[in-house]
Every structure is written in C-alpha cells, then in structure tokens.
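Numbering (our numbering), first residue to last: 328 to 403. Everything below concerns the one structure shown next.
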C-alpha cells in the first residue's frame, strides 16, 4: 500500500490532467517548486542562525565573563 508503482503514478497523473487541464498543471508545479525553494531557504537560514549562535556562545565561554576573572588572570 505504501509503494507508488508506475501504474499508480500514471493514474494520478491522468486524474490531475483531467481535473485541472494541461495549462493549469505547469502553473501548479511552478508554485510548488517555489514553495519548496522558499522552505529550503528558510531552513538553511535557521540552521545558519543556530550555528552562529552556537559559535558565539562557545566563544563567549572562552573569554572571561566578569571583572574578577580578568583580575584573577592578570595576577597569574
């Protein structure tokens, strides 16, 4: 049931062609492609933001966070 065989894909394509016509299908596919592209761009942006925040956090952990830490390091 979960498999999409060639026959099932062919039946789906014929039903779509009958329901929407040959002119509407390319418009729908363009819209679908644009939506997928926007989704992937947003996903990449979120991953980049997460990685930047993660890097900033690890860099801030390496630097002294208070004046006493700086004074303590200066004494060494």
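Using N, Cα and C, we set each Cβ at its ideal position, and we do this for glycine too.
Between the alpha carbons of residue 348 and residue 382 lies a distance of about 51 Å.
Rounded to whole angstroms, the gap between the alpha carbons of residue 364 and residue 387 is 34 Å. If you keep only unbroken alpha helix (DSSP H) runs of at least 4 residues inside the region 328-379, you get nothing at all.
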